[in-house]
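For reference, the structure is listed below as structure tokens.
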Amino acid sequence: MKSEGKEKPASNGHFPVMLPEVLAALNPKDGETYIDATFGGGGYSRAILQSANCNVIGLDRDPLAIERGRELEAEFPNKFKIIKSEFSKINELNLPQVDGIVFDIGVSSFQIDDASRGFSFMRDGPLDMRMGGDVASAAEVLATHDADALANIFWKYGEEKNSRKIARAIVQDRDEKPFITTLQLASLIERLSGFKREKIHPATRVFQALRIYVNDELGELEHALIGAEALLKPDGRLVVVSFHSLEDRIVKNFLTERSLNVQGSRYAPQTTPKPTSFEIIRKKAILPSADEVANNPRSRSAKLRVAVRTQNPVFFIKN
Ligand SMILES: C[S@@+](CC[C@H](N)C(=O)[O-])C[C@H]1O[C@@H](n2cnc3c(N)ncnc32)[C@H](O)[C@@H]1O
112 MKSEGKEKPA SNGHFPVMLP EVLAALNPKD GETYIDATFG GGGYSRAILQ
162 SANCNVIGLD RDPLAIERGR ELEAEFPNKF KIIKSEFSKI NELNLPQVDG
212 IVFDIGVSSF QIDDASRGFS FMRDGPLDMR MGGDVASAAE VLATHDADAL
262 ANIFWKYGEE KNSRKIARAI VQDRDEKPFI TTLQLASLIE RLSGFKREKI
312 HPATRVFQAL RIYVNDELGE LEHALIGAEA LLKPDGRLVV VSFHSLEDRI
362 VKNFLTERSL NVQGSRYAPQ TTPKPTSFEI IRKKAILPSA DEVANNPRSR
412 SAKLRVAVRT QNPVFFIKN
């Protein structure tokens, strides 16, 4: 996740995170086709289009990102195409096999900085948090889930230590006054945690948890990786930038399971190696440079993983 930073937004609203590293991993070449599965402000798509005579297909679930995509379509006719879709459906869009797919998971600065989207506990707005698609808003979740379910969400996706206390207070207060604005929820959490000027705002974890739940971000990622596996040509590059340890774990486990790097114990009986669909290029995740973190604090929790599709067909489809 891109947490709330103090930096000013770039003129186009979003600093593309780890852009040089993403380009190096994707290695765009003339005549190839790439999918930018999280178009956002189009920072990656534009850079890919500028670095080779290639084609890019952009996806996003957010209608406002699609509008920005239309502008890039006009700038790069016949080279760029934007499609409104959840990336979990990447393999249901009748797209051609491609040479590279990049994901930049999470929320964009456009979304966080727009109070009317309800992602920020620092800006008053409706408690919405939907990136797009037909899903329940955060206000609807707070109005309909019982205390146990809410506590589980806050704990599982936010590791919020006061999850039970906060959930009970929401359920207790909501009959009298439903939670419909961001500042209403943020001030309840401040009150319960005895808000001191700490490094991170006490509402950070609950807002993050609600956002992940509302948008089913982890389920989306799991399905998207399986879809990407089927869509990549042999030697195609998969590049994933994530911002949350739960997301990074999903990517890491998926690639480990699918890669040649899975080694059995040397004491275990010899088994036939299983066919694999990815080769991991670098075992450890790549992190943003100190300079980037200084210039764009929102990049500080980014982790980039890259793998190359092997020649083997897909053996593990469980979509
Ligand atoms: C971090 S931003 C991407 C920024 C982009 N790389 C750039 O340079 O401008 C993430 C974008 O992915 C989109 N997104 C997140 N989850 C999605 C999903 N499951 N399906 C499609 N788009 C998604 C969000 O709406 C947001 O616009």
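Here the working numbering is used: the sequence shown runs in plain steps of one and ends on residue 430. Note that CB positions come from ideal geometry on N, CA and C, so glycine has one too.
| query | result |
| --- | --- |
| Where N164 falls, given that 16 or more other Cβ within 10 Å makes a residue buried | exposed |
| Backbone secondary structure at L206 - three-state DSSP | coil |
| Straight-line Cα distance separating K395 from N372 | Unreliable positioning characterises N372 in this predicted model, as indicated by a pLDDT of 47, which lies under 50. The coordinate reading is nonetheless provided below. Approximately 12 Å, taken between the alpha carbons. |
| Reference G211; option with closest CA among I361, G338, S370 | G338 |
| Distance between V282 and R275 (C-alpha atoms, nearest Å) | 11 Å |
| Reference T255; option with closest CA among V419, D284, R416, P207 | D284 |
| Coil, strand or helix - K394 by DSSP | coil |
| Proximity to P289 [Cα-Cα], best of S196, A249, G152, L130 | A249 |
| DSSP three-state assignment for R157, whether helix, strand or coil | helix |
| Check: F198 C-beta below 6 Å from any heavy atom of ligand 1 | yes |
| Buried versus exposed call for Q319 [16 or more other C-beta atoms within 10 Å across all chains shown] | buried |
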